[in-house]
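Residue numbers (numbering that gives the first Met the number 0), protein chains in the order written: chain A, 0 to 340; chain B, 0 to 340.
For glycine and all other residues, C-beta sits at the position ideal for the given N, C-alpha and C.
Before any comments, here is the structure.
Protein chains: 2
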Amino acid sequence: MTPFRVTLADVARRAGVSRTTASFVLSGRTDMRISPDAQRRVNAAAAELGYRPNQTARSLRTQVTRTIGMISDTIATTQFAGEVIHGALDTALERGYLLLVAETSGDPIAEKKLVDEMLDRQVDAVVYAMMFTKPGCPPDALSELPVVVLNGIDDFDGPRILPDELGGGRTAARALVDAGHHDDIYAIGGRHRTTDTPDGVYAGRLRMRGVDEVLADAGTAIAGSYECAWEPEHGYEGVASLLDEGHRPKALVCLNDRLALGAYQALEERGLRVPEDVSVVSFDDSDLASWLRPTLTSVALPHYELGKTAVATLLDGTSGRRLITVPMPLRPRDSIRTVSA
Amino acid sequence: MTPFRVTLADVARRAGVSRTTASFVLSGRTDMRISPDAQRRVNAAAAELGYRPNQTARSLRTQVTRTIGMISDTIATTQFAGEVIHGALDTALERGYLLLVAETSGDPIAEKKLVDEMLDRQVDAVVYAMMFTKPGCPPDALSELPVVVLNGIDDFDGPRILPDELGGGRTAARALVDAGHHDDIYAIGGRHRTTDTPDGVYAGRLRMRGVDEVLADAGTAIAGSYECAWEPEHGYEGVASLLDEGHRPKALVCLNDRLALGAYQALEERGLRVPEDVSVVSFDDSDLASWLRPTLTSVALPHYELGKTAVATLLDGTSGRRLITVPMPLRPRDSIRTVSA
DNA sequence: CAGTGGGACTAAATCGAGTTATCTCACCCT
DNA sequence: AGGGTGAGATAACTCGATTTAGTCCCACTG
Numbered sequence: 000m001t002p003f004r005v006t007l008a009d010v011a012r013r014a015g016v017s018r019t020t021a022s023f024v025l026s027g028r029t030d031m032r033i034s035p036d037a038q039r040r041v042n043a044a045a046a047e048l049g050y051r052p053n054q055t056a057r058s059l060r061t062q063v064t065r066t067i068g069m070i071s072d073t074i075a076t077t078q079f080a081g082e083v084i085h086g087a088l089d090t091a092l093e094r095g096y097l098l099l100v101a102e103t104s105g106d107p108i109a110e111k112k113l114v115d116e117m118l119d120r121q122v123d124a125v126v127y128a129m130m131f132t133k134p135g136c137p138p139d140a141l142s143e144l145p146v147v148v149l150n151g152i153d154d155f156d157g158p159r160i161l162p163d164e165l166g167g168g169r170t171a172a173r174a175l176v177d178a179g180h181h182d183d184i185y186a187i188g189g190r191h192r193t194t195d196t197p198d199g200v201y202a203g204r205l206r207m208r209g210v211d212e213v214l215a216d217a218g219t220a221i222a223g224s225y226e227c228a229w230e231p232e233h234g235y236e237g238v239a240s241l242l243d244e245g246h247r248p249k250a251l252v253c254l255n256d257r258l259a260l261g262a263y264q265a266l267e268e269r270g271l272r273v274p275e276d277v278s279v280v281s282f283d284d285s286d287l288a289s290w291l292r293p294t295l296t297s298v299a300l301p302h303y304e305l306g307k308t309a310v311a312t313l314l315d316g317t318s319g320r321r322l323i324t325v326p327m328p329l330r331p332r333d334s335i336r337t338v339s340a
Numbered sequence: 000m001t002p003f004r005v006t007l008a009d010v011a012r013r014a015g016v017s018r019t020t021a022s023f024v025l026s027g028r029t030d031m032r033i034s035p036d037a038q039r040r041v042n043a044a045a046a047e048l049g050y051r052p053n054q055t056a057r058s059l060r061t062q063v064t065r066t067i068g069m070i071s072d073t074i075a076t077t078q079f080a081g082e083v084i085h086g087a088l089d090t091a092l093e094r095g096y097l098l099l100v101a102e103t104s105g106d107p108i109a110e111k112k113l114v115d116e117m118l119d120r121q122v123d124a125v126v127y128a129m130m131f132t133k134p135g136c137p138p139d140a141l142s143e144l145p146v147v148v149l150n151g152i153d154d155f156d157g158p159r160i161l162p163d164e165l166g167g168g169r170t171a172a173r174a175l176v177d178a179g180h181h182d183d184i185y186a187i188g189g190r191h192r193t194t195d196t197p198d199g200v201y202a203g204r205l206r207m208r209g210v211d212e213v214l215a216d217a218g219t220a221i222a223g224s225y226e227c228a229w230e231p232e233h234g235y236e237g238v239a240s241l242l243d244e245g246h247r248p249k250a251l252v253c254l255n256d257r258l259a260l261g262a263y264q265a266l267e268e269r270g271l272r273v274p275e276d277v278s279v280v281s282f283d284d285s286d287l288a289s290w291l292r293p294t295l296t297s298v299a300l301p302h303y304e305l306g307k308t309a310v311a312t313l314l315d316g317t318s319g320r321r322l323i324t325v326p327m328p329l330r331p332r333d334s335i336r337t338v339s340a
């Protein structure tokens, strides 16, 4: 494969020293005294030959591979995974680490195979990621390794990284309040109560709590909340049925951008304009948000930052049971009207 | 890290044989004669101890890591990357390979660093992927390795994998023709001629050629093509300006789903219904296609298959300058009306 | 009875680093 | 001269596998 890769022995030979000496110089160990002259010769030889240490050999000896495993349930859906990987990779690469990326598709057998393959390759640590906040724990096989859990809401004896959904909810509501909205604010999607999730999903519960808090502080409250799953069709149905029932919303809090897409469709159909008639604020800041007309003000899921934080947490070696939340910033666009007092 | 991982020596000791014998049995080599009894003992010992070979040690000796590097320019955008990685990973894992995934962000310095890190880890092969069809070649440093290029249109001395855009164009047009459409068929987006790409992009040229061929066969032709970039706003502008100029399209070929989103917006604004007044067919089959109302018939980019094919091509060792095209299947939905003859 | 030929294993080298223990000087001191 | 010291370098071991090159024993042969 790599027919003529330069080895440490080559460098040593060219510098006229032993492999040991070359190793000491190149790994910058100061506890062994090497003459300045020898150091210069070794460094020169390494540079001339373009020497790079064979990481495989080094790993065998040191038990460190400078490789992190990234296991997720799904990497396909939305841009979530892409940005998470991006953030994780940037942070890893900065420190000379690479990422073994894999997904389980939610299949425990696939997961076992995959975890075994990673352990065989001696990954130094693992990011165990879920593509949206939900229950889930890393398998026992990983218990000997540093692991952070991304987006997992189950208890876990190590660092867990989550978007600050509560703060995000507050941010969304504050965007409306700051624009002068007070009454007739409706929520579309709500906590995501379905037959599978009677209490709502984690993100739904916290976002709604944040919204409620801020509205309460402003001396008002949600005028109504349409509870449904979070796909475009449900946003459409939700808004359509609100309007049919005679409600006249001035502002909508859509619990994600796909719901907002559906909401736009329903509003358009009834001749209501965004934001002149109805302001809309949403969550996720997916690509959709900038594609809609008018563009959609959305509270971003900090995908990139989540990935970054996950890897940084692993590499900084700070372990222990901890919850790290990452802020969800507002991306202001054109879907909120400023209401004159 | 892994305090008590079982080693080959442990297995050999328990089976009462030498490491050599254990190695022969476990790697299933028949050229060395091992008694059935010894074989049974070794296999039993390995099973009892849960032995798994240390891939790092094995790699050092054999120069094979069973790890493939996947380098792309961008993994963040759209679901492209996710599905490509998914397909690549499934195929890799089937054969006991894993994927080192990384992206360059188009930055040659990041690319160099990344390629070096991969070479240091002795990846067996590399998938060099571009997230949409465009020029680009793998760096020289990879020349000693098996490499396939995904989505690259530049010449390259090895396998190249591309979606069958020409066939895709034909498929889109045939969907309209088969539904009874004949006249007043317009293209939105066209070849994607912009100041950067005066001749249009690869996908645009081939898709349009496919469309033209099928319409010609059907004894007709495109009534007009609006040339623009391929974002939603351009789709909106394109359709809006066609209508303003007095055109009355019966069907639109949108060169991707985002353009179709814009087209929907413009049609809706003018009170034109999809598909009653205007049929729409599109390309990419992104998530958008199923979110729109009505759902959008689209010719899919075979992301998963592209990833699968890339890895399969690498692992089957079939090299040499070749072009492999992957079919783009039609995903029929509700945006095409059947026109009665 | 020495010689030969396989069957069934194993000792030792190897991959390319990192690490420990040792060795060789030159120099100083008494 | 002999002994201690320490700077500067190296031989040899280690990581956990694979692989080469033998070894040992026994049956069989001429």
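- Sixteen is the threshold: when 16 or more other Cβ atoms of the shown chains lie within 10 Å of the Cβ of residue 69 of chain A, as they do, the residue is buried.
- When the Cα atoms are used, residue 120 of chain A and residue 8 of chain B turn out to be separated by approximately 19 Å.
- Taken in chain order, the whole alpha helix (DSSP H) runs of length 4 or more contained in the region 238-272 of chain B are 256-268.
- Residue 53 of chain B has a beta carbon lying within less than 8 Å of a beta carbon in chain A.
- Residues of the region 225-252 of chain B with a Cβ closer than 9 Å to any Cβ of chain A, in chain order: 230, 231, 232, 235.
- Around residue 209 of chain B, the same chain offers 164, 165, 166, 167, 168, 169, 170, 171, 172 as residues with beta carbons nearer than 8 Å, after the five sequence neighbours per side are excluded.
- Within 7 Å of the CB of residue 74 of chain A, the CB atoms of chain B belong to 81, 84, 85, in sequence order along the chain.
- The beta-carbon distance between residue 150 of chain A and residue 129 of chain A, rounded to whole angstroms, is 4 Å. This is short enough to meet the 8 Å contact definition.
- For residue 119 of chain A, a Cβ of chain B is located within less than 8 Å of the residue's own Cβ.
- Counting other Cβ atoms within 10 Å of its Cβ, residue 62 of chain B stays below 16 and is therefore classed as exposed.
- At a cut-off of 8 Å, the C-beta of residue 95 of chain A has a neighbouring C-beta in chain B.
- Residue 150 of chain B sits in a strand when the DSSP states are folded into three classes.
- In the displayed model, residue 23 of chain B falls within a helix according to three-state DSSP.
- Only buried fits residue 254 of chain B, as 16 or more other CB atoms lie within 10 angstroms of its CB.
- In this structure, the beta-carbon distance from residue 37 of chain B to residue 16 of chain B falls below 8 Å.
- Excluding sequence positions up to five before and after residue 302 of chain A, its CB lies within less than 6 Å of the CB of 79, 82, 83, all in the same chain and listed in chain order.
- For residue 198 of chain A, not one C-beta of chain B is nearer than 8 Å to its own C-beta.
- Per DSSP, reduced to three states, the secondary structure at residue 309 of chain B is helical.
- When secondary structure is reduced to three states using DSSP, residue 158 of chain B falls in the strand class.
- Between the region 326-337 of chain B and the region 189-199 of chain B there are fewer than three inter-stretch CB-CB distances shorter than 8 Å, so the stretches are not counted as touching.
- Against chain A, a Cβ distance below 7 Å from residue 100 of chain B picks out 84, 98, 100.
- Cβ contact annotation for residue 228 of chain B (same chain, cutoff 6 Å, sequence separation greater than five): 193, in chain order.
- Listed along chain A is no residue with a C-beta nearer than 7 Å to that of residue 304 of chain B; the closest approach is about 13 Å.
- Closest by C-alpha distance to residue 107 of chain A, out of A/90, A/94, A/137, A/132, is A/137.
- Fewer than three pairs of CB atoms, one per stretch, sit closer than 8 Å, so the region 256-268 of chain A makes no contact with the region 207-221 of chain A.
- Within chain B, the residues whose beta carbon sits less than 8 Å from that of residue 112 of chain A are 92, listed in sequence order.
- Take the alpha-carbon of residue 321 of chain B and the one of residue 123 of chain B: they are about 20 Å apart.
- For residue 206 of chain B, the secondary structure class from DSSP, reduced to helix, strand or coil, is helix.
- In this structure residue 20 of chain A touches residue 41 of chain A by the C-beta definition: roughly 7 Å separates them, less than 8 Å.
- Look at the region 250-281 of chain A: the residues with a C-beta under 7 Å from a C-beta of chain B are 257, 260, 264, 267.
- The C-beta separation of residue 250 of chain B from residue 175 of chain B comes to about 5 Å, placing the pair in contact by the 8 Å criterion.
- When rounded, the separation of the alpha-carbon atoms in residue 206 of chain A and residue 187 of chain B is 39 Å.
- Interface criterion not met: the Cβ of residue 47 of chain B is under 8 Å from no Cβ in chain A.
- By the rule that beta-carbons nearer than 8 Å mark a contact, residue 17 of chain A does not touch chain B.
- Counting along the chain, no beta strand (DSSP E) covers residue 88 of chain A; the unbroken alpha helix (DSSP H) around it starts and ends at 79-93.
- Contacts with chain A (Cβ-Cβ distance below 7 Å) from the region 291-315 of chain B involve 292, listed in chain order.
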